[in-house]
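Start counting the sequence shown at 1; every next residue gets the next number (full-length UniProt numbering).
Positions of the beta carbon are idealized from the N, C-alpha and C atoms, including for glycine.
None of these values were measured; they are calculated from a predicted model.
Following: one structure in structure tokens, then a few remarks.
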Amino acid sequence: MAGMRVCAIRVTPSGGIDMAHLKDMLEFRGDTGRNICLIPVSAHGTNPASAHMAGMRVCAIRVTPSGGIDMAHLKDMVEEHSKNISCLMLTYPSTYGVFEEGAADVCELVHKHGGQVYLDGANMNAQVGLCRPGDYGSDVSHLNLHKTFCIPHGGGGPGMGPIGVKAHLAPFLPSHPVVDPLADLGDEAHSFGSVSAAPFGSSAILPISWAYIKMMGPKGLRRATQVAILNANYMSKKLDGHYKTLYKGERGLVAHEFIIDIRDMKKTANIEPGDIAKRLMDYGFHAPTMSWPVAGTLMIEPTESEDLQELDRFCEALISIRKEIKEIEDGTMDKRINPLKMAPHTQEVVISEEWNRPYSREQAAFPATFVKGETKIWPTVGRIDDQYGDKHLVCTCPPVLDDF
């Protein structure tokens, strides 16, 4: 699926470890001066941190108005730093939600100047079955099993981030003192050591991804990718006229995710992404990614998992919210006390005796026809001061000793 020669499963998710492999290889080769990592500003947000962890210097590459890599700027940068380029970290499709039309040319250019290409596998959900990183020029790539291959994410972990490498990087993969996967290489092995206490990483979670891949098969995996891309483009088109999709490819399409721009609404109605996110809770939806990778925006990634009816409901919710914002812009709704600024609305607030807001209880709790009392998911906490909460942690958990 990745087009790589060797895959290592000893790695828990960390791009910094992957970058250390590249640095180790370069130092062994004698290229100790190669310490510059080129990263497009449209790359995954963890990439600069990963490069920094490996002791590299990060140089940012600009993007065009359509969200693709600015090839002219890339050429200038590789020529300026030709003797010091360690690698390029590429996210494909980019975090801006577009496919890099010249991805193969980008990889070729970096290779020409002695660098390696690291492909961030965060967006493999838009590639599996359609293209392989190794085929268009990547030398090393990790796979986010939690994003594309069904394992739990975040607090539901543990994490698992297999690394695929081309043959020339295989001797530099991590080893282990008990079960050394590089033992067969003998003197050709040049690993910098272990990266995990367990010889096979978080191996207990791998059967989930293995079962998913086996059950889907090649056709099913390709179909999932196609549907994920189709769903994102369907939603982007459906929201046109209500929200601006910030970046589109040269053909006017997006990849498996897209960004809607909220920044003008801050000027016209004092509405920010957080207001829309909290209002979506009243419709029964968890918010999409807020203010990343671009501040003042929402990034929507529907994947292949939801059916058409659910996509339509989500779009209907966003369109309904846009109409509420229009009422604020027109002056028919107060800028400070309105359904968005007061969202989310808990059951306790809606049924309380006192209701002095300039909109109805029904608009607060049942803002769309698909939001019904018998199926509504009620928010349990109302509007809080986010900034104050971020700066003043208050534990509301009962003391442990109370349970004994």
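- With contacts defined by Cβ atoms closer than 8 Å, P162 and I9 form a contacting pair.
- For the pair I328 and I276, the CB atoms are not nearer than the 8 Å cut-off.
- Exposure of L393 is indicated by the presence of fewer than 16 other C-beta atoms within 10 angstroms of its C-beta.
- DSSP, read as helix, strand or coil, puts I328 in helix.
- Taking 3 residues as the shortest admissible run, the region 98–127 contains the following complete beta strand (DSSP E) segments, listed from N- to C-terminal end: 116–120.
- Residue pairing from DSSP places R57 in a beta bridge opposite I36.
- With a contact defined as Cβ atoms closer than 8 Å, E101 and G249 qualify at about 7 Å.
- When the beta-carbon positions are compared, T346 and V381 come within less than 8 Å of each other.
- Beta-bridge partners assigned by DSSP to C87: C37 and Q116.
- Judged by their CB atoms, S86 and P40 are not nearer to each other than the 8 Å cut-off.
- DSSP, read as helix, strand or coil, puts G164 in strand.
- Between the C-alpha atoms of A51 and M89 there is a straight-line separation of about 9 Å.
- The DSSP-derived three-state label of C315 is helix.
- Taking the CA atoms as reference points, W210 sits about 49 Å from N338.
- For T268, the uninterrupted alpha helix (DSSP H) run begins and ends at R263 to A269, by DSSP.
- Under the DSSP definition of a beta bridge, T245 partners with I260.
- Residues I337, M342 and A364 of the same chain have their beta carbon placed closer than 8 Å to that of R357, with the five preceding and five following residues left out of the count.
- Between L318 and H242, the C-beta spacing is below 8 Å.
- The region 108–125 makes no contact with the region 178–186: fewer than 3 CB pairs, one atom from each, lie closer than 8 Å.
- Exposure of Q309 is indicated by the presence of fewer than 16 other C-beta atoms within 10 angstroms of its C-beta.
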